[in-house]
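Trainee: Questions regarding the structure given below will be posed in turn.
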Amino acid sequence: MSVIYILLAVSIIVAIVFFAVFVFAVKSGQYDDNYTPSIRMLFEDELVKSKKEK
Amino acid sequence: MEDNTCFHCGDYCDKKNIDFQGRKFCCNGCKTVFEIFNENDLICYYDLQNAPGAIPEGVEGKYDFLSQENIIERLTEYRGDSIEIATLFIPHIHCSSCIWILENLNKLNSSISVSQVNFGKKTVRVTYKNQETDLKSIVILLSTIGYEPYISLDDFKSDKEYINRSIIYKLGVAGFGFGNIMFLSFPEYFEVHEYWLEQYKHLFRWLMFGLSLPVVFYSAQDYFISAYKGLRARILNIDIPIALGISVLFIRSTIEIAFDIGSGFFDSLAGLVFFLLVGKFFQQKTYAFLSFERDYKSYFPIAVTKIDKNNEETNIQVYDIKKGDRIIIRNEELIPVDGIIINGRAKIDYSFVTGESQTVTKQSGDKLFAGGKQTSGVIEIEVLKSVEQSYLTQLWSNDVFNKNKEEDFKSITNSISKHFTITILGIALISTIYWLFIDPNKSLNVFTAVLIIACPCAIALSAPFTFGNLLRIFGKLKFYIKNASVIEQLAQINTVIFDKTGTITSNKTSSAEYNGKTLSDKESLILKNSLRGSNHPLSRTLYNILDEHHIITLDKFEEHIGKGIEVTHDDINLKIGSASFVGNIQDTSVLNTTVCISNNNKYKGKFTFYNSYRKGVSKLFNQLKKHYDLVILSGDNEGEFKNLKKLLPSRTKLIFNQKPQDKLEYIKHHQSEGSKVLMIGDGLNDAGALMQSNVGLVISEDINVFSPACDGILDASKFKQLYHYIRASKSAIKIIKWSFVLSFIYNIIGLYFAVTGQLEPVVAAVLMPLSSISIVVFTTVATNILGRRLK
């Protein structure tokens, strides 16, 4: 029945990994500006288009 | 109507517009920006948004100070051997086109490697190779495409800004603990005494204990600190019962699992901390693009041009200006220190300081005060006082600027928590004593259960969610408030004090009245046409007021700076300008601004300018007079006394000729008599009064333009709604009181379980989140209804 130990360990490790990723994301400043990226992602098309026009 | 607006900036083009490649431009500046973008394949700028641009301003010599080492050092975030990073504040950022063009800066200057926009803060962070380019050329590049960065003395601080993200971390830890503990405690909720579960429950319990440690000792630490501070100051604040609840929960749960009595309350504990932090986070709505902490530093330039003894020009830092220095102020530059004009004719716009947009003319020998903006040509001044000792900046040495308004304020939550804490402790003691006689084994259980269930999570959440939500609703209605406690203070005010110029009057329009001999058709035709050619602000205002006439060519047009204009057409010779220029000696009314007119040296009449009051001023005052004492505190002379008397309710006090310091003292005096004062102002001269008042609001035509330190910024277009906003904040207090009632009902239900000694972990785990969530739902729905009524 000791499989429960493995399962528990795995579930806690997965949770801690997610938590670490969250901390990393906050630290890198991802939550400081939560508006501009939503617009920036729409721009890639225009950049390519204007390059082609050259 | 045919589209007659500028392709670049969207301004209305008059007849002298420029056609370029089939597009219309209002001026050469706009055309040039278009050309730059056209050459560099950046025309997409105009596809994303219609007419997104701004007219570029002239920058000749303005940014020379940016080549100075010590200034670059302060303005850049990072300086390496090959790259530099600088963050620049650009007020014009307003749409997706702006983001697009600014993030493609490398197409205009290949030395820029990355440029990243933060839309909320209106900043662009530029990384560039400092071998090939420098900060100055980047600032100039930005200015030429209409995105002029705003660089002020405020940027010249040594410590870089530290972003406090601890609330997000704490929330993350609490959420992490809460979620995992919930999973682990779930099997025990149903009390199935199954063999498998019995065997492993100890492991599960100790895991929960482990997960709760960071929640209690990291996430919840602020509550312990605040409770400790409250006790030391002998104030029973809301954090005391919370801290008590958390510690009792933790200690009892630990003892329970250590002695195998039960499964503990770790789930409720983590949930409680998580919900409390969510409330705290929600309340922290901030407007990144607005600053409520501004002082004169945000207005003042970093450097000025100094002339040394050998007549050489050097740029010096504003703090280094000493008494006796000679400095040059160019057109559109701000005067940073008090001084005397040595050379040149000054036309000073003191609108930053007083809100009055009419310029003042000064000649050599006249004294100038810091804070004015030169609007014509170059002047040379001799410094009388250093920056910190100048007339205007002295105001900031007043104690009031070092005081934190929030500290003296007793919030509604804290005033109820005093009674709450005493009641809860009383109930806990009485029930414990009762059980000591009935069943002593249960008494400790009951004592802790009361403290756990009575933990005022719902009460602590009512105010943050109500105010937080109202803050957002106000924000959408262009009423930007610094923090939640301002709403609470706004609800308590009983005196409203207004500044006059720029606050109840509008800067944009003023009205003029003509008295004198009637002008003939031909005379008014010439008048209109001569005003057309003049750039003086009074001419522009008068031009806009007068009736439309067709355009004629004048035979002679001469502008005498500081005096007026002289024009000749056919046999008519008109003089327009000041009374002395026109030759009208008997004109003695100096209180109001006038423009006199004479024909062939014969006096015809004069236009008298009156302040034009904002729409709805009268109505607003009539709404306010029923509930509040009203005062007008003006820095101006009494010229408008009669007009104001007519316009405003009779009980309104009108006080004129108030210096910034007088305004502050006036409010202080009224506060000592028990008044709660709302001050509404706009200029730097109100800064002291705004700080001293209980709530200081600033009226702003354009919220991106700087406003002095205050508690809230109200968009001028919403001025007439002010009364409704104050009423709304009063209703918010009512909502909070009702949600207190709601949470007391939950507490009574919970206390029933606690006092009778039947509190099971599952009851606590259901009751606590249920009460918190229903409070959140109630306050959110109620404030949204309130917000809908505001529109």
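Protein sequence lines, in the order shown, are assigned to chains A and B.
At position 47 of the first sequence (counting the first as 1) the number is 47 in our numbering, and the numbers step up by one without a gap.
To convert, count from 1 in the second sequence and add 1000; that's our numbering.
Using N, Cα and C, we set each Cβ at its ideal position, and we do this for glycine too.
Can you give me the C-alpha to C-alpha distance between residue 54 of chain A and residue 36 of chain A, rounded to a whole angstrom?
Mentor: The predicted model places residue 54 of chain A with a pLDDT of 35, which falls under 50 and marks its position as unreliable, so this point remains unresolved.
Trainee: What number of angstroms, rounded off, separates the C-alpha of residue 1394 of chain B from the C-alpha of residue 1483 of chain B?
Mentor: For residue 1394 of chain B and residue 1483 of chain B, the gap between their C-alpha atoms comes out near 28 Å.
Trainee: Rounded to whole angstroms, what's the CA-CA distance from residue 1149 of chain B to residue 1101 of chain B? Just pull it up for me.
Mentor: 14 Å
Trainee: Just the Cα atoms here: how many angstroms apart are residue 1337 of chain B and residue 1176 of chain B?
Mentor: Their Cα atoms are separated by approximately 55 Å.
Trainee: For residue 1064 of chain B and residue 1145 of chain B, I'd like the C-alpha separation in whole angstroms.
Mentor: 18 Å
Trainee: Any beta carbon from chain B within less than 8 Å of residue 22 of chain A's own beta carbon?
Mentor: Using beta-carbon distances, residue 22 of chain A counts as an interface residue toward chain B, with a partner under 8 Å.
Trainee: Would DSSP call residue 1455 of chain B helix, strand or coil?
Mentor: coil
Trainee: I believe residue 1802 of chain B touches residue 1239 of chain B by the beta-carbon criterion, under 8 Å. Please report the beta-carbon distance rounded to the nearest angstrom.
Mentor: Because chain B here runs from 1001 to 1791, residue 1802 of chain B falls outside it and cannot be looked at.
Trainee: Identify, in the order they occur along the chain, each residue of the same chain with its Cβ nearer than 6 Å to the Cβ of residue 1265 of chain B, setting aside the five sequence neighbours on each side.
Mentor: 1249, 1253, 1761 and 1764
Trainee: Would you please verify whether the beta carbon of residue 13 of chain A is less than 8 Å from any beta carbon of chain D?
Mentor: Included in the structure are the protein chains A and B, with no chain D among them.
Trainee: Could you please tell me which residues of the segment 1196-1215 of chain B, in chain order, have their CB closer than 8 Å to any CB of chain A?
Mentor: For the segment 1196-1215 of chain B, the set of residues with a beta-carbon nearer than 8 Å to any beta-carbon of chain A comprises 1196, 1199, 1200, 1203 and 1207, in chain order.
Trainee: Name the chain B residues whose beta carbon is nearer than 7 Å to that of residue 6 of chain A?
Mentor: Those do not exist, as residue 6 of chain A stays about 13 Å from chain B at its closest Cβ, beyond 7 Å.
Trainee: Determine, using beta carbons only, whether residue 26 of chain A comes closer than 8 Å to chain B.
Mentor: yes
Trainee: Count the other C-beta atoms from every protein chain shown that fall within 10 angstroms of the C-beta of residue 1729 of chain B, then say buried if there are 16 or more, exposed otherwise.
Mentor: buried
Trainee: Can you give the Cα-Cα distance for residue 1359 of chain B and residue 1636 of chain B, rounded to whole angstroms?
Mentor: CA-to-CA, the gap between residue 1359 of chain B and residue 1636 of chain B works out to about 14 Å.
Trainee: Given a cut-off of 8 Å on the beta-carbon distance, is the pair residue 1031 of chain B and residue 1025 of chain B in contact?
Mentor: yes
Trainee: Roughly how many angstroms separate the alpha carbons of residue 1768 of chain B and residue 1271 of chain B, rounded to a whole number?
Mentor: 8 Å
Trainee: Under the DSSP definition of a beta bridge, which residues are partnered with residue 1569 of chain B?
Mentor: B:1572
Trainee: Go through the segment 1251-1329 of chain B residue by residue and report every complete run of the beta strand (DSSP E) that reaches 3 residues or more, in order.
Mentor: 1303-1307, 1313-1317 and 1326-1329
Trainee: Who are the neighbours of residue 1117 of chain B on chain A, taking C-beta pairs under 7 Å?
Mentor: 36
Trainee: I'd like to know if the segment 1295-1315 of chain B and the segment 1231-1238 of chain B are in contact, where contact means that at least 3 CB-CB pairs between them fall below 8 Å.
Mentor: no
Trainee: Let me check understanding here. Comparing Cα to Cα, which of B:1468, B:1724 and B:1492 lies closest to residue 1481 of chain B?
Mentor: B:1468
Trainee: Using three-state DSSP, classify residue 1378 of chain B as helix, strand or coil.
Mentor: coil
Trainee: Can you give me, in chain order, the residues of the segment 1162-1177 of chain B that have a beta carbon less than 7 Å from any beta carbon in chain A?
Mentor: 1163, 1165, 1168, 1169, 1172 and 1176
Trainee: Hey, how far is the Cα of residue 1197 of chain B from the Cα of residue 1179 of chain B?
Mentor: 20 Å
Trainee: Does DSSP put residue 1524 of chain B in a helix, a strand or coil?
Mentor: helix
Trainee: Suppose you measure from the CA of residue 1124 of chain B to the CA of residue 1143 of chain B; what does that come to, to the nearest Å?
Mentor: 13 Å
Trainee: In angstroms, rounded to a whole number, what distance separates the CA positions of residue 1603 of chain B and residue 1574 of chain B?
Mentor: Straight-line Cα distance between these residues: approximately 10 Å.
Trainee: What is the rounded straight-line gap between the Cα of residue 1097 of chain B and the Cα of residue 1518 of chain B?
Mentor: Their backbone Cα atoms lie some 52 Å apart in a straight line.
Trainee: Taking only the alpha-carbon atoms, compute the straight-line gap between residue 1103 of chain B and residue 1660 of chain B and give it to the nearest angstrom.
Mentor: Spanning the two alpha carbons is a distance of roughly 43 Å.
Trainee: Express the C-alpha separation of residue 1071 of chain B and residue 1306 of chain B in angstroms, rounding to a whole number.
Mentor: 16 Å
Trainee: Rounded to whole angstroms, what's the CA-CA distance from residue 1513 of chain B to residue 1657 of chain B? Just pull it up for me.
Mentor: 24 Å
Trainee: Cα separation between residue 1782 of chain B and residue 1485 of chain B?
Mentor: 19 Å
Trainee: Thinking just about the alpha-carbon of each residue, which of A:27, A:11 and A:32 is nearest to the one in residue 1121 of chain B?
Mentor: A:32
Trainee: Could you name the residues of the same chain whose beta carbon sits closer than 8 Å to that of residue 1322 of chain B, not counting the 5 residues immediately before and after it, in chain order?
Mentor: 1383 and 1386
Trainee: Is any beta-carbon of chain A found at less than 8 Å from that of residue 1738 of chain B?
Mentor: no
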